[in-house]
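See structure below.
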Amino acid sequence: SFFFCPPPRVDKDRSGIISDNELQQALSNGTWTPFNPATVRSILGMFDRENKGGVNFNEFTGVWKYISDWQNVFRTYDRDNSGMIDKNELKQALTGFGYRLSDQFYDILIRKFDRQGRGQVAFDDFIQCCVVLQRLTDVFRRYDTDQDGWIQVSYEQYLSMVFSIV
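Mapping to full-length UniProt numbering: the sequence shown position 19 is 19, numbers consecutive.
This is the structure:
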C-alpha cells in the first residue's frame, strides 16, 4: 500500500519549501521503487504557483489532497487489490473518465507507463498516465474546433502541440 509523510517530516532541509526530491522520498508507490520523478515534477508543477522549485506548506496541503484523491481513484479501479492496475482495470478507469480508446491503444499505454515491465501500472505511473492523457486531450481539443475527433494541423502546429506538453 501507499505511504505518505506529514509536511514537517517531508521538508528535510527545513527550508520551508518541499522540493521534488523531498516529495519523492516521502511517497511510496507500493512497489518498493522510487516514486516516478516525472509524476512528482508534474504534481509539484501544478501547485508551485510562484515557480520556486517546490511548494510551501500551504501549497503542500493541496498536493496531499491531490495525491489522496488519486489514491482513492486508484483503489476504486484496482479491482483485485494487487496494488497495480492492469490493462482491463486501466480501461475501466479511463472509460469511467469518459475516454473511448481502442484495445490496441491500451496496450500502448501499458507499455509506456509500466516502468517495471510487468504488464501493469503502479500508482505513481497511473497518475502520470492520466495526467499526460488529459494534457494531450486538452491540446487536441484546442485544434478540434468542430469536436468530431479529427484535426488537421501543419507540421509546426503539431510540434507546437507536442512542445506545449513535454
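All residues carry an ideal CB built from backbone N, CA and C; glycine is no exception.
Out of the options, which has the shortest C-alpha to C-alpha gap to residue i?
i, options, result
"Asp124", "Val10, Phe57 and Gln71", "Gln71"
"Ile108", "Gly98, Asp86 and Ser160", "Asp86"
"Gly149", "Leu159, Thr137, Ser160 and Tyr158", "Thr137"
"Val63", "Gly98, Ser82 and Glu22", "Glu22"
"Glu52", "Ile110, Thr145, Ile67 and Ile18", "The question names Glu, but residue 52 is Lys in the sequence shown. Per the Cα distances, Ile18."
"Gly117", "Met84, Tyr77, Gln25 and Gly54", "Met84"
"Phe74", "Asp144, Phe97, Tyr143 and Asn56", "Phe97"
"Leu133", "Phe105, Lys12, Arg79 and Asp146", "Phe105"
Helix, strand or coil: which one does DSSP assign to residue i?
i, result
"Asp146", "coil"
"Tyr19", "Note on identity: in this sequence residue 19 is Ser, with Tyr being the wrong assignment. Strand, per DSSP."
"Arg118", "coil"
"Ser1", "Annotation note: pLDDT 49 at Ser1 (below 50); position unreliable, coordinate value reported separately. Ser1 falls in the coil class under three-state DSSP."
"Ser160", "helix"
"Asp124", "helix"
"Ile151", "coil"
"Ile43", "helix"
"Pro34", "coil"
"Leu101", "coil"
"Asp80", "coil"
"Gly53", "coil"
"Ile165", "coil"
Tell whether a beta-carbon distance below 8 Å holds between residue i and residue j.
i, j, result
"Asp69", "Val40", "no"
Using 8 Å for Cβ pairs, my map puts residue i next to residue j. What's the rounded Cβ distance?
i, j, result
"Val131", "Ile165", "Not confirmed; about 10 Å, so no contact."
*asked:* Check whether the segment 145-163 and the segment 109-128 are in contact - that is, three or more C-beta pairs closer than 8 Å.
replied: no
*Do three or more CB pairs link the segment 25-44 to the segment 91-100 at distances below 8 Å?*
Touching, no.
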